[in-house]
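Asks: So the sequences go chain by chain: A and B.
In this note's numbering, each residue carries its 1-based index in the first sequence increased by 55.
In this note's numbering, each residue carries its 1-based index in the second sequence increased by 1.
Virtual Cβ for every residue (Gly too), placed ideally from N, Cα, C.
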Amino acid sequence: MTDHFTKMTPELKRRLRNEQWFQWMGRGAIFVAIAFLLVMVSTIASMGVGALRQTHIELSVFLDPQKLDATRLHDADYGRLIKKALRSRFANVTKRRDKRKLYNLVSSQAEYTLRDLVVRSPSLRGQTINIWFTASDDVDMLIKGNIASSTDETQRRIDHREASWINDLISKGQLESRFNSRFFWSGDSREPELAGILSAFVGSLFSLLVCFGLSFPLGIFAAIYLEEFAPKNRWSAFIEVNINNLAAVPSIVFGLLGLAVFLNAFGLPRSSPLVGGMVLALMTLPTIIIASRAALRAVPPSIREAALGIGASPIQTVFHHVAPLALPGMLTGAIVGMARALGETAPLLMIGMVAFVADVPNSIFEPATALPVQIFLWADSPERAFLEKTSAAIIVLLCFLIVMNLAAILLRRKFEQRY
Amino acid sequence: MSHVTKINLTDTRPSHWPERLIKALLLASSLVAVLVTVGIVFSLLFEAVRFFKIIPIQAFLFGLEWNPQTAIRADQIGAKGEFGAVPLITGTLLISTIAMFVATPLGLASSIYLAEYAGPRTRAIVKPLLELLAGIPTVVYGFFAALMIAPLIRLTGTSLGLEVASESALAAGLAMGVMIVPLISSLSDDAINAVPQSLRDASYGLGATQAETIKKVVLPAALPGIAGGLLLATSTAIGETMIVVMAAGLAANITANPLEAVTTITVQIVTLLTGDQEFDSAKTLSAFALGLLLFTLTLLLNIAAQKIVNHYRERYD
Numbered sequence: 056m057t058d059h060f061t062k063m064t065p066e067l068k069r070r071l072r073n074e075q076w077f078q079w080m081g082r083g084a085i086f087v088a089i090a091f092l093l094v095m096v097s098t099i100a101s102m103g104v105g106a107l108r109q110t111h112i113e114l115s116v117f118l119d120p121q122k123l124d125a126t127r128l129h130d131a132d133y134g135r136l137i138k139k140a141l142r143s144r145f146a147n148v149t150k151r152r153d154k155r156k157l158y159n160l161v162s163s164q165a166e167y168t169l170r171d172l173v174v175r176s177p178s179l180r181g182q183t184i185n186i187w188f189t190a191s192d193d194v195d196m197l198i199k200g201n202i203a204s205s206t207d208e209t210q211r212r213i214d215h216r217e218a219s220w221i222n223d224l225i226s227k228g229q230l231e232s233r234f235n236s237r238f239f240w241s242g243d244s245r246e247p248e249l250a251g252i253l254s255a256f257v258g259s260l261f262s263l264l265v266c267f268g269l270s271f272p273l274g275i276f277a278a279i280y281l282e283e284f285a286p287k288n289r290w291s292a293f294i295e296v297n298i299n300n301l302a303a304v305p306s307i308v309f310g311l312l313g314l315a316v317f318l319n320a321f322g323l324p325r326s327s328p329l330v331g332g333m334v335l336a337l338m339t340l341p342t343i344i345i346a347s348r349a350a351l352r353a354v355p356p357s358i359r360e361a362a363l364g365i366g367a368s369p370i371q372t373v374f375h376h377v378a379p380l381a382l383p384g385m386l387t388g389a390i391v392g393m394a395r396a397l398g399e400t401a402p403l404l405m406i407g408m409v410a411f412v413a414d415v416p417n418s419i420f421e422p423a424t425a426l427p428v429q430i431f432l433w434a435d436s437p438e439r440a441f442l443e444k445t446s447a448a449i450i451v452l453l454c455f456l457i458v459m460n461l462a463a464i465l466l467r468r469k470f471e472q473r474y
Numbered sequence: 002m003s004h005v006t007k008i009n010l011t012d013t014r015p016s017h018w019p020e021r022l023i024k025a026l027l028l029a030s031s032l033v034a035v036l037v038t039v040g041i042v043f044s045l046l047f048e049a050v051r052f053f054k055i056i057p058i059q060a061f062l063f064g065l066e067w068n069p070q071t072a073i074r075a076d077q078i079g080a081k082g083e084f085g086a087v088p089l090i091t092g093t094l095l096i097s098t099i100a101m102f103v104a105t106p107l108g109l110a111s112s113i114y115l116a117e118y119a120g121p122r123t124r125a126i127v128k129p130l131l132e133l134l135a136g137i138p139t140v141v142y143g144f145f146a147a148l149m150i151a152p153l154i155r156l157t158g159t160s161l162g163l164e165v166a167s168e169s170a171l172a173a174g175l176a177m178g179v180m181i182v183p184l185i186s187s188l189s190d191d192a193i194n195a196v197p198q199s200l201r202d203a204s205y206g207l208g209a210t211q212a213e214t215i216k217k218v219v220l221p222a223a224l225p226g227i228a229g230g231l232l233l234a235t236s237t238a239i240g241e242t243m244i245v246v247m248a249a250g251l252a253a254n255i256t257a258n259p260l261e262a263v264t265t266i267t268v269q270i271v272t273l274l275t276g277d278q279e280f281d282s283a284k285t286l287s288a289f290a291l292g293l294l295l296f297t298l299t300l301l302l303n304i305a306a307q308k309i310v311n312h313y314r315e316r317y318d
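#1: Can you tell me whether DSSP reads residue 17(B) as helix, strand or coil?
#2: When we look at the beta-carbon of residue 261(B) and count the other beta-carbons within 10 Å, is it buried (16 or more) or exposed?
#3: What is the C-beta distance between residue 114(A) and residue 141(A), in whole angstroms, given that I count them as a contact (C-beta under 8 Å)?
#4: Work out the CA separation of residue 89(B) and residue 67(B) for me, nearest whole Å.
#5: Are any of the Cβ atoms in chain B nearer than 8 Å to that of residue 80(A)?
#6: Do residue 295(B) and residue 116(A) count as a contact pair if the criterion is CB distance below 8 Å?
#7: Going by other Cβ atoms of all chains shown within 10 Å of its Cβ, with 16 needed for buried, is residue 183(A) buried or exposed?
#8: From the DSSP output, which residues share a beta bridge with residue 109(A)?
#9: CA-CA distance, residue 243(A) and residue 287(B)?
#10: What are the start and end residues of each continuous alpha helix (DSSP H) run of 4 or more residues lying completely inside the region 263–304 of chain A, in chain order?
#11: Do we get a CB-CB distance below 8 Å when we pair residue 223(B) with the residues of chain A?
#12: Which term fits residue 167(A), buried or exposed, when burial requires 16 or more other beta carbons within 10 angstroms of its beta carbon?
#13: Would you please verify whether the beta carbon of residue 118(B) is less than 8 Å from any beta carbon of chain A?
#14: Go ahead and label residue 109(B) buried or exposed: buried means 16 or more other beta carbons lie within 10 angstroms of its beta carbon, across all protein chains shown.
#15: Checking contacts by CB at 8 Å: is residue 114(B) closer than that to chain A?
#16: Mapping DSSP to helix, strand and coil, what is residue 83(B)?
#17: Tell me which same chain residues have a C-beta within less than 7 Å of the C-beta of residue 265(B), skipping the five on either side of it?
#18: Out of 247(A), 121(A), 286(A), which has the shortest C-alpha to C-alpha gap to residue 46(A)?
#19: Could you pull the start and end residues of the beta strand (DSSP E) that residue 372(A) belongs to?
#20: Say whether chain A places a C-beta atom closer than 8 Å to the C-beta of residue 130(B).
#21: If I measure Cβ to Cβ from residue 328(A) and keep anything under 7 Å in the same chain, skipping five residues before and after, which residues do I get?
#22: Note down, in chain order, every chain A residue with its Cβ under 7 Å from the Cβ of residue 111(B).
#23: From residue 1(B) to residue 153(B), what distance separates their C-alpha atoms?
#24: Report yes or no: is there a C-beta of chain B within less than 8 Å of the C-beta of residue 179(A)?
#25: Out of curiosity, what's the CA-to-CA distance linking residue 122(A) and residue 310(A)?
#26: So who's on the other strand from residue 68(B), going by DSSP bridges?
#27: With a 10 Å radius around its C-beta and 16 neighbouring C-beta atoms as the bar for buried, classify residue 290(A) as buried or exposed.
#28: Using the three-state DSSP reduction, which class does residue 137(B) fall into: helix, strand or coil?
#29: Relative to the C-alpha of residue 186(A), which candidate in 368(A), 460(A), 230(A) has its C-alpha closest?
#30: Please report whether the beta-carbon of residue 174(B) lies at a distance below 8 Å from any beta-carbon of chain A.
#31: Is the beta carbon of residue 373(A) sitting closer than 8 Å to the one on residue 279(A)?
#32: Would you list the residues sitting across from residue 187(A) in a DSSP beta bridge?
#33: Closer than 8 Å is the cut-off here; do at least three beta carbon pairs connect the region 48–57 of chain B with the region 290–308 of chain B?
#34: Could you tell me the distance, in whole angstroms, from the CA atom of residue 353(A) to the CA atom of residue 381(A)?
#35: Taking only the alpha-carbon atoms, compute the straight-line gap between residue 344(A) and residue 443(A) and give it to the nearest angstrom.
#36: Are the C-beta atoms of residue 210(B) and some chain A residue less than 8 Å apart?
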């Protein structure tokens, strides 16, 4: 017998080795997938944190009463005052080309900052005041170390003269990096240092509201019909197959439908969150129906029988007893569907939500864009500074998605019932 | 006594009009899904037919050149543009194939490990992480592919002496592959879990190792479910838009070389429909013809997936 065992050993060893190999393959696959996730998210996050800080430059501006007509403070040329302030700050800059570079240290927004300040307190007229201005994106990139000093000077956005000015500002404490609240509170802009996500965020919010308002009631009603009332016939089977197929239709096709039907046939406003939300609603409808049906199926028949037994009508049974019990499950499905809709880009491109929208939309009829579309637009912009904006916007989007999914998980845990 | 018999509870309930109204409302809601399908088919067909009046359907389906443009002058050379969809179809297939080559081994191996080997605690950690991968918007994958993967491939390729396009099919395919992993993983997981334990126990009883049991017993039994999942994943890959829009190119090349730039059906739809459009030009209408092509392709794959799952499923009781 022992002889038999020793003969078996090499074969058995090989088989056990295969067993180990096989397990390591599985671990390896999981490792690769999760490593990709972590590398992707951490790379984007590390690029995005920069957008939370913004460089500011302090200038002392003389509010020349001769240039500021007290009756028309709105229309005065504040840009000139700032240029003058820059020239007096760097008095040794004389050449025309250098001066133009000097003016580029501060953002083009600076004159409006100054205007708002003066309009708010006209008594400042005639004084010399110190104000912090938003620096231009090139300065910001240099401070954040995103412009490598090793590149050839002609290729660089900032040459050594500009760098020396910036160093001078730093040594005098006139250059500071501050929290960039503008990123959260302003709309899109062509200038990266001024661009924010608020308009895109509001656009997304409006679209999701429309999407939820349409797809949730439609979805649960359809689910209730199919699960509780539909006769078992070919017609019901057809509807069911239809819903399953709809769930697998590429999202861009829904965008084409929206373009052909909502925009061209119905004449609804192009680029509006209304149409965006409608398209997203059609897209999420199958998800909500499928999740709601599963939730209804989980309610035991005894509940229905008890309700019917004490004289409730079928509709009363469903709406008073079955649906309330299934509601958490339905809501969970709806939140998951909304999360998917929030990240969807392609159908929104089809209905024109790619327009440049600087103003925060006030209603669902106004042109708007959405967070993922904003990411797509910024990712396409050539300025280096938009890279960190794109990454930061992605992080914001991912945070919202995580919050929504967590809400879904918590909801499921809290109301999960075992019958 | 006679008036008592007139009261008939069972009859008053179903004929109660609010009940019927609500039921009708419920039925109408479920018909919306059908309406959407009908809407998709008709809107695509309607615009596509208008397109085929300008460009014959065989020129669209079998043409080898894709070069959509609108004429500035009537006598311009190539004024009509060329609308051969073959380069787009091959480009779509190339990227989807790369994606499936990445996703199938990763997704299958991870689902096998999760279903057969992993303890409950590992499952509780790993499954949500994989689901997170599925929850990340595709625009993020596209950004990452264009920003990180493509330059990395180019760098590696050129250091090996290969010629790599800056928007290579490989970069888009790799990112798309990772995106699909959770889909394959969760569908295969379901299929594997549906295989009854008695089959495994019988195999162990014959002396097979766990790996042998999985390879010779569990996987064959779960094959219809897995194959259906793979088909669904392919359909997702073909219909995926943002990754290819951001990471794949616009050049319509017919090639099987993953290092070259190709374009896809979805990329062209987006390119044709963003920006200025005149609604009667062949250029704009061609997007709907492409949409119809895409819809048909994915629908066929989905139906095939369902057929495979339903017809070849082994039933165990």
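Replies: This is what the structure holds:
#1: coil
#2: buried
#3: 7 Å
#4: 8 Å
#5: yes
#6: no
#7: exposed
#8: 233(A)
#9: 32 Å
#10: 289–302
#11: no
#12: exposed
#13: yes
#14: buried
#15: yes
#16: strand
#17: 89, 92, 93, 96, 245, 249
#18: Outside the displayed span of chain A (56 to 474) sits residue 46(A), for which this structure offers no information.
#19: Run containing residue 372(A): none; DSSP gives neither H nor E here.
#20: yes
#21: 258, 261, 262, 265, 416, 419, 423
#22: 81, 84, 85, 88
#23: Because residue 1(B) is not part of the residues shown, which for chain B are 2 to 318, the question remains open.
#24: no
#25: 53 Å
#26: 83(B)
#27: exposed
#28: coil
#29: 230(A)
#30: no
#31: yes
#32: 113(A)
#33: yes
#34: 8 Å
#35: 39 Å
#36: yes
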